[in-house]
Every structure is written in C-alpha cells, then in structure tokens.
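Asker:
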Amino acid sequence: LWITFVNEACQILNIDSSRKQHYEQLTTRQDIELASEIFITGNVYTKNWPAILTHTEIKDDQLCQEIVKYRRKTAILSSTAASTKVDNNTQALAELKKLDYLKSSHEKATCIRTTLDLLLATMMQQQQQLCGSGITVKYTKNQQPIAADETLTSFIDLLTQSDMKNIVAHEYYIITFKFLHLPQDIDYAVTTFRASIEYLYEKKFLSL
Amino acid sequence: MNRSLSFKVVLLGEGSVGKASFKTKKLTFDGKRVELAIWDTAGQERFRALGPLYYRDSNGAILVFDITDEDSFERVKSWTKELRRMLGNDCILCIVGNKIDLEKDRHVSMQLAEEYAKSVGAKLYHTSAKLDKGVEELFNDLAQRMLERSPGTTVGGGTANNQNRSSTGTRGGITIAQSATGQNDNGRSSGSCCS
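Chains A and B supply the protein sequences, listed in that same order. 193 is the number that full-length UniProt numbering gives to position 193 of the first sequence; each next residue is one higher, with no gaps. 80 is the number that full-length UniProt numbering gives to position 80 of the second sequence; each next residue is one higher, with no gaps.
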C-alpha cells in the first residue's frame with residue numbers, strides 16, 4: 001500500500017517517478033498531507049459520493065429550482081445578455097464542469113480557483129475591449145482590478161449557466177473532506193463559489 | 001528556510017475604489033517577511049448577508065468610506081458592528097477615509113470619523129486611491145499592528161509559530177515557507193492592492 005501511495009503521490013504532485021527513491025522528494029509535511037488527502041479520499045470516492053448526493057439531494061433540487069427562477073428574472077432584465085455571457089464563458093464553464101470528475105476536496109477546490117481565474121480573464125478582456133471601443137468605463141488604465149461585486153455577480157451567472165445538478169454536493173464535499181487548510185487564493189475562490197450558492201439558495205436575487 | 005507570516009485581511013467598501021477581488025501583498029519588517037492576503041468583499045446591499053463567509057478567520061479589516069458620501073460612512077459603522085460581533089476584538093480594524101483628493105467636497109468631518117474610530121478601537125487613515133496617496137502607509141501600518149498582535153511574534157526579531165502553510169484558518173497569523181519567486185526585499189511592498 002505504501003508503494004502504491006508513494007507512486008500515486010508522486011503523480012499527484014508532478015514528481016518525476018523515473019528517479020530512484022522518489023519518495024524522498026515528498027519533502028514537506030504539507031506534501032505528504034496533500035498526497036494523503038488525494039489518495040485516501042480518491043480511493044473511497046465511489047463509496048462516499050453516492051451517500052453525499054443523497055445527503056444534499058433536497059438542497060440541490062431546491063437550488064436547481066432557484067436557478068430556473070434566477071434565469072427567468074435575469075432574462076427579463078436583459079434578453080440578450082444571457083446568451084452573450086454563455087459564449088464568453090465557455091472556457092470557465094468547461095472548467096467548472098470538471099468538478100464532476102474530480103475525486104478529492106483539494107482537486108475540486110483547485111478546479112474552482114482555475115474557473116475563477118478564467119472568468120476574471122474573460123472579464124478583463126471585455127473591459128479592455130470596452131476601453132478600445134471608446135466606450136467610457138469606470139477604469140481608464142489597462143489591467144485594472146475587478147472588484148468583488150463584479151466577480152461574485154459573474155460567478156453567480158456562471159453557476160446558473162452550468163446546468164450542473166450537484167452543485168451543493170460539491171460544496172459539501174470540498175468543505176467536509178479537506179485535510180488541510182486551503183491556500184488563501186484557493187480559499188477565496190471556494191468562498192466565492194459558496195457565496196454564489198448561498199445567494200441563489202436564499203433567493204436574494206428576487207430583490208433585483 | 002526563510003519563513004514569513006501570513007495574515008488574512010478583508011476589504012470592505014464600495015466597488016469603485018479600485019479594489020481587486022483577491023490580492024497578496026508582500027512586505028518586510030526588520031527582516032521579517034509578512035504576506036497579506038487581501039480579500040475584497042462585495043459591498044452591494046444584495047450581497048450583504050454573504051459577508052460572514054468572507055470575514056471568517058480574518059486577522060485584519062479595512063473599512064473604506066468615501067469622505068464625500070455620508071451614507072458610505074454609515075455603512076462603515078454597520079460593518080464595524082458586524083465585524084466586532086463576528087470576530088470579537090482580535091481583529092485589527094482600519095477605517096479609511098478615501099478620496100482625500102476631493103477634500104473640498106468633504107461631507108464626513110475628520111473629527112467625527114476620528115472620534116468614531118477611537119470609540120470602536122480602530123485607527124483612522126486618509127487615502128486617495130486615485131492618487132495612490134496613503135495606501136502604502138495603510139498596509140504597512142496594518143501589517144505592523146497585526147505582527148504586534150500575533151502570538152509569539154514581536155516586530156524586530158521575535159519568533160514565529162511553526163505552521164508551514166500559505167493559508168488561513170488561524171487567527172494569530174501563520175508562518176509560511178518562503179516561495180522561490182523573486183520578491184521585493186527592500187522593506188516595502190512588491191504588489192499593490194488598491195490603485
């Protein structure tokens with residue numbers, strides 16, 4: 001089991017497995033803990049995941065209903081914006097959907113971080129295009145930061161476009177099965193993910 | 001191995017002050033490296049209930065108001081109450097009067113802001129994000145105050161605790177391994193949060 005663990009851990013951490021005694025390269029306690037998390041949760045995932053789906057089923061169903069309402073509401077507010085956003089967010093959406101195939105809390109959390117990065121990159125690009133087109137926007141310099149209000153709004157839109165049925169289950173899994181504190185950048189992305197779910201679930205959009 | 005302390009700082013204020021969603025800022029004090037992870041929070045009213053998700057485990061908070069807008073100062077008051085309720089007195093609070101370049105349009109008196117900050121155990125700062133005035137001083141001072149508050153750590157050659165992760169989750173600030181990437185080591189920041 002130890003050999004399997006070391007081999008898989010090296011794969012997880014991108015350590016060159018052709019070298020002799022590559023377990024020596026698992027140098028920090030953090031590396032070993034992270035590898036343990038991915039190894040252990042990955043190996044019991046097929047047993048855990050169905051139980052989690054059952055546990056979060058009601059909340060996930062409710063969230064799906066709220067997403068339908070949100071879509072209707074935002075469609076009324078802007079009839080064309082929704083389709084444009086889907087086109088622009090293709091990459092971020094594809095990344096987000098990878099959550100369904102990842103088996104550890106850390107991998108799922110990292111996936112959300114990458115999704116957020118892709119979303120922010122798209123937003124930056126749009127901002128620059130607006131600047132280039134001569135339309136006045138509030139930022140005049142290139143590469144201006146995107147504030148949390150805009151980030152959160154875009155992430156909520158992204159979730160509602162994803163057609164994913166197990167969003168709450170993924171949130172539950174990430175929080176419950178993490179062995180380590182998340183690095184702060186990943187933690188921020190996961191918090192944005194959780195805030196988006198909370199916003200939709202608590203029907204805050206009804207006041208829009 | 002070089003180590004640095006990492007602190008989580010939440011940023012509360014309106015979206016138009018040039019904040020970034022997430023940014024890290026690296027500082028050095030007397031050879032001690034400090035990393036601030038700055039979490040911007042959504043300031044709009046509709047997102048208000050989501051604040052606690054972002055505040056949890058924060059070591060410091062920067063509450064920004066616009067000196068030309070009285071309502072923004074009132075919002076700072078309600079955020080302060082919420083933060084104190086959520087995090088107690090351990091969290092270092094910085095109340096920031098922004099847009100000092102518009103001094104002639106000031107609607108929140110300096111004395112009023114000063115008195116309020118004192119009454120809630122916070123410190124008042126004056127900045128102009130537009131002119132990049134006072135922002136560096138704010139972060140340096142905040143970092144120094146958090147270092148002083150951090151258990152087992154004293155500015156000017158103290159000790160640090162032994163956790164080794166660039167993450168949050170502890171209120172006293174945590175030690176992280178020094179990254180291999182180059183960093184400004186002249187005693188001041190190598191990144192910026194507000195512009």
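From the three backbone atoms N, C-alpha and C, an ideal C-beta is built for every residue, glycine too.
With DSSP collapsed to three states, give me the class of Pro-50/A.
Answerer: Note: Pro-50/A maps to helix in three-state DSSP.
Asker: Taking the C-alpha atoms as reference points, what is the distance between Thr-74/A and Cys-10/A?
Answerer: 46 Å
Asker: Roughly how far, in whole angstroms, is the beta-carbon of Leu-159/A from the beta-carbon of Ile-167/A, given that I think they are within contact range, below 8 Å?
Answerer: 6 Å
Asker: Should Pro-183/A go down as buried or exposed, given a rule of 16 or more other Cβ atoms within 10 Å for buried?
Answerer: buried
Asker: By the criterion of Cβ-Cβ separation under 9 Å, what are the contact partners of Phe-47/B in chain A?
Answerer: Ala-148, Asp-149, Leu-152, Thr-153, Ala-195, Tyr-199, Lys-204
Asker: Does the Cβ-Cβ distance between Ala-129/B and Cys-94/B come in under 8 Å?
Answerer: no
Asker: Going by DSSP, what residues sit across from Trp-39/B in a beta bridge?
Answerer: Bridge partners of Trp-39/B: Val-10/B, Phe-22/B.
Asker: In chain B, which residues lie less than 7 Å from Tyr-70/A when you measure between Cβ atoms?
Answerer: Residues of chain B passing the Cβ test: none, with the nearest at roughly 12 Å.
Asker: Report the neighbours of Asp-40/B on chain A: residues whose CB is nearer than 7 Å to its CB, in chain order.
Answerer: Ala-147, Ala-148
Asker: How close, in whole Å, do the beta carbons of Gly-121/B and Asn-89/B come, if the pair is a contact with beta carbons under 8 Å?
Answerer: 7 Å
Asker: Can you find a CB in chain B that lies within less than 8 Å of the CB of Asp-117/A?
Answerer: no
Asker: Counting only beta-carbon atoms, is Phe-139/B nearer than 8 Å to chain A?
Answerer: no
Asker: Taking the alpha helix (DSSP H) that Tyr-125/B belongs to, which residues open and close that run?
Answerer: Premise fails: Tyr-125/B lies in the beta strand (DSSP E), 123 to 126, not in any alpha helix (DSSP H).
Asker: Compare the Cα-Cα distances from His-106/A to each of Phe-193/A, Phe-155/A, Ile-186/A and report the closest residue.
Answerer: Ile-186/A
Asker: Who are the Cβ neighbours of Asn-8/A in its own chain at under 6 Å, not counting the five residues just before and after it?
Answerer: Residue identity differs from the one stated: residue 8/A is Glu in this sequence, not Asn. Only Phe-39 meet the Cβ criterion.
Asker: Let me check understanding here. Comparing Cα to Cα, which of Phe-65/B, Trp-79/B, Ser-119/B, Tyr-116/B lies closest to Ile-100/B?
Answerer: Phe-65/B
Asker: Assuming Asp-132/B is part of the alpha helix (DSSP H), what are its boundary residues?
Answerer: Element bounds for Asp-132/B: n/a, residue is neither H nor E.
Asker: At least one CB of chain A closer than 8 Å to the CB of Tyr-55/B: is that the case?
Answerer: no
Asker: So, at 6 Å on beta carbons, what are the nonlocal neighbours of Gly-157/B in its own chain, with the 5 sequence-adjacent residues on each side left out?
Answerer: In this prediction, Gly-157/B scores a pLDDT of 35, lower than 50, which makes its location untrustworthy; no coordinate-derived value is stated.
Asker: Enumerate in chain order the residues of its own chain whose CB-to-CB distance from Thr-24/B is below 8 Å, with the five nearest sequence positions on each side excluded.
Answerer: Glu-35, Leu-36, Ala-37, Ile-38, Gly-191
Asker: Leaving aside the five residues before and after Ala-113/B along the sequence, list all residues of the same chain whose C-beta is less than 6 Å from its C-beta, in chain order.
Answerer: Excluding residues up to 5 positions away in sequence, Gly-97, Leu-124 lie with their Cβ nearer than 6 Å to the Cβ of Ala-113/B in the same chain.
Asker: If you measure beta-carbon to beta-carbon, which residues of the region 154 to 185 of chain A are closer than 9 Å to chain B?
Answerer: Leu-180, His-181, Leu-182, Pro-183, Gln-184, Asp-185
Asker: Tell me whether the region 197 to 204 of chain A and the region 109 to 126 of chain A touch, counting them as touching only if at least three CB pairs, one residue from each stretch, are closer than 8 Å.
Answerer: no
Asker: Heavy atom of the ligand GTP less than 7 Å from the Cβ of Thr-54/A, yes or no?
Answerer: Absence of the ligand GTP is noted for the structure shown, with no ligands found whatsoever.
Asker: Kindly say whether Thr-191/A, judged by its beta-carbon, lies nearer than 8 Å to any beta-carbon of chain B.
Answerer: yes
Asker: Would you say Tyr-101/A lies against chain B (beta-carbon separation less than 8 Å)?
Answerer: no
Asker: Mind checking Tyr-101/A: buried by the 16 CB within 10 Å criterion, or exposed?
Answerer: An exposed status is given to Tyr-101/A, since fewer than 16 other beta-carbon atoms sit within 10 Å of its beta-carbon.
Asker: Please look up how many angstroms separate the CB atoms of Asn-88/A and Gln-126/A, rounded, as I've assumed it's under 8 Å.
Answerer: Contact holds; Cβ gap of about 7 Å.
Asker: Is Gly-97/B close to chain A? Criterion is C-beta to C-beta, closer than 8 Å.
Answerer: no
Asker: Taking DSSP's pairing of strands, which residues face Thr-28/B in a bridge?
Answerer: Arg-33/B
Asker: Look at the alpha carbon of Thr-41/B and the alpha carbon of Tyr-54/B, and state the distance between them as a whole number of angstroms.
Answerer: 7 Å
Asker: Skipping 5 residues on each side, what residues in its chain have a beta carbon closer than 7 Å to that of Ile-174/A?
Answerer: Ser-105, Lys-108, Ala-109, Val-190
Asker: CB-CB under 8 Å to Gln-30/A, same chain, minus the five flanking residues each way: which ones, in chain order?
Answerer: Leu-180
Asker: Give me the Cβ distance between Asp-60/A and Lys-178/A, rounded to the nearest whole Å; I'm assuming they're in contact under 8 Å.
Answerer: Contact doesn't hold; Cβ gap of about 20 Å is too wide.
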